[in-house]
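Residue numbers (the working numbering): 3 to 264.
We put the beta carbon where it would ideally sit given N, CA and C, even for glycine.
Quick caveat, the model's predicted, so the values are computed rather than measured.
Everything on this sheet refers to the single structure shown next.
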Amino acid sequence: MKNLFPVMMVILGFTILSCGGGGGGGSGDSPSSRTFDALEYFLRDTTKSYTFQETQTATGNGQTRSMTLTKTFSYELADTIPQGYGDFSDYPGPYRLEIVSKDGQDHELTYTDSGNTIVLEADVNTFNRIYDNTSSGGGIPSQAVLGQSYSSTARKTIYNADPDAGYWGEELGFSVITSVQKPLAVEEITVPAGTFTALKIQTTDTITNTIDGQTSSTVYTGYRWYSEDHGLIRFSLSFSVSTNEVSVQYTITDELVSVTEG
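Here it is, written out as structure tokens:
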């Protein structure tokens, strides 16, 4: 039986990274003066690299453990996608490749085509690809309203990318991600990299994984801050996982530390 927890964390990472864009899903009424251009905050200058400090804390059974790591987002162009991931001829390159490394080790890869469509998300444990996935709702549109909630749902087929856990490319199951995002305010926020004017978004992500016939659902709640040119500069979230009758509460916080060329 596969371990569900790494799969949940991989999908959560992709959910955070792909926040923004799309359209539809809104509810409620707000004055037009609260309308803003979301693309001004979500788009990132991909000629630069972004380094974050991530703090993870786990509390359970009367104990608390914390760890801190360095996470870096870097970007490059790729003409092709490695053949082992499948046939992407319907989504031709070149692609923008986002590489997320943790403590110097590549951890997540995301390929995006020229139309800004994510075609492949890969991790050391799993991967998923566009032609096996479905989605609805679209999340926060380019023209959005403060105080209004936007929802989206995605179903992703999950494949094994860890040779030690079975056959590489083996279908493990699927994940259903339901996201509700509510832009709250544009405010000043200070992180180690400096003080920025940022869009604050309240988030609730429910991820339900069905792996080898075993289903697990986890709710992630938190906040994300996006600034012009830099995109995501801070996020915080919390969730709990229960195993062997022990419930563990997790909190994860990422803050932008530096921005460098290339």
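The Cβ neighbour count for residue 162, taken over all protein chains shown within 10 Å, is at least 16; the residue is labelled buried.
Per DSSP, residue 44 lies in no beta strand (DSSP E) segment; the continuous alpha helix (DSSP H) that holds it begins and ends at 41-44. Beta-bridge annotation (DSSP): residue 185 is paired with 203. Every beta strand (DSSP E) of 3 residues or more that sits fully in the stretch 81-156 is shown, in chain order, as 97-104, 107-114, 120-125, 128-131, 136-138, 145-147. Here residue 118 is exposed, its C-beta having fewer than 16 other C-beta atoms within 10 Å.
The DSSP-derived three-state label of residue 256 is strand.
In the assembly as shown, residue 227 is a buried residue. Its beta-carbon has 16 or more other beta-carbons within 10 Å. Linking residue 233 to residue 85 through their CA atoms gives a straight-line distance of about 31 Å. When only Cα atoms are considered, residue 66 and residue 253 end up about 11 Å apart. When rounded, the separation of the alpha-carbon atoms in residue 188 and residue 41 is 14 Å. In this structure, the beta-carbon distance from residue 154 to residue 177 does not fall below 8 Å. The C-beta of residue 258 has 16 or more other C-beta atoms within 10 Å across all chains shown, which makes the residue buried.
In this structure, residue 256 lies away from residue 145, with their beta-carbon atoms at least 8 Å apart. Beta-bridge pairing by DSSP links residue 175 to 160, 213.
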